[in-house]
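A quick write-up on the structure given underneath.
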Amino acid sequence: MTTSEHRGARAESVVSMPDYTAETFAGMVGQMFRFDPAEYAAETGKPVLLELIDITQRAAMSTGTRDPFLLLFVLRSDAPLGPGLHRISREGFEPCEWFLNRVVVPARDPRAAYYQAVFG
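Right under this line is the structure:
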């Protein structure tokens, strides 16, 4: 395979947000996701690493729509993210903004910072 063919095959394997499903992320639990915060969201302006720790899938409310799901992350960087839109920067994913919100998770480490992304 030539370099240009390899690049073309790589571009085809990029996942965009409309194609996200819970299954898209199933093999990624325990992996790091890099987010570039909005300027006001983190004091350092540096990328923030979040580890995917759980996926919860819900039943769709109507036929023909994607089953909603949520991704639960734990902060693995020094500076936290503020709530709002943050750009994902991960190989295999089309760059786009995700709405991330900090959440409290019962029965988990109360000292850790948890974030949730919901897709429906």
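Plus 10 on top of the position in the sequence shown (first one is 1) and you've got my numbering. Think of the CB as a built atom: it goes at the ideal place given N, C-alpha and C, for glycine as much as any other residue.
Shortest Cα-Cα distance from L81 to any of A36, S26, E104 involves A36.
In this structure, L62 places its C-beta atom within 7 Å of the C-beta atom of F83. In the displayed model, D77 falls within coil according to three-state DSSP, outside both helix and strand. CA-CA distance, M38 to A32, rounds to 10 Å. Short of 6 Å from the beta carbon of E104, and not among the five residues preceding or following it, lie these beta carbons of its own chain, in chain order: V24, S26. The beta carbons of E107 and R97 sit closer together than 7 Å. According to DSSP, residue pairing for E107 in a beta bridge involves R97.
Spanning the alpha carbons of D46 and L110 requires a straight line of approximately 12 Å. Here L95 is exposed: its Cβ has fewer than 16 other Cβ atoms, across all protein chains shown, within 10 Å. Measuring C-alpha to C-alpha distances from K56 to each of G130, R121, L91 identifies L91 as the nearest. T34 carries a helical assignment under DSSP once its states are collapsed to helix, strand and coil.
Secondary structure note for Q126: its beta strand (DSSP E) is the uninterrupted segment 124-129.
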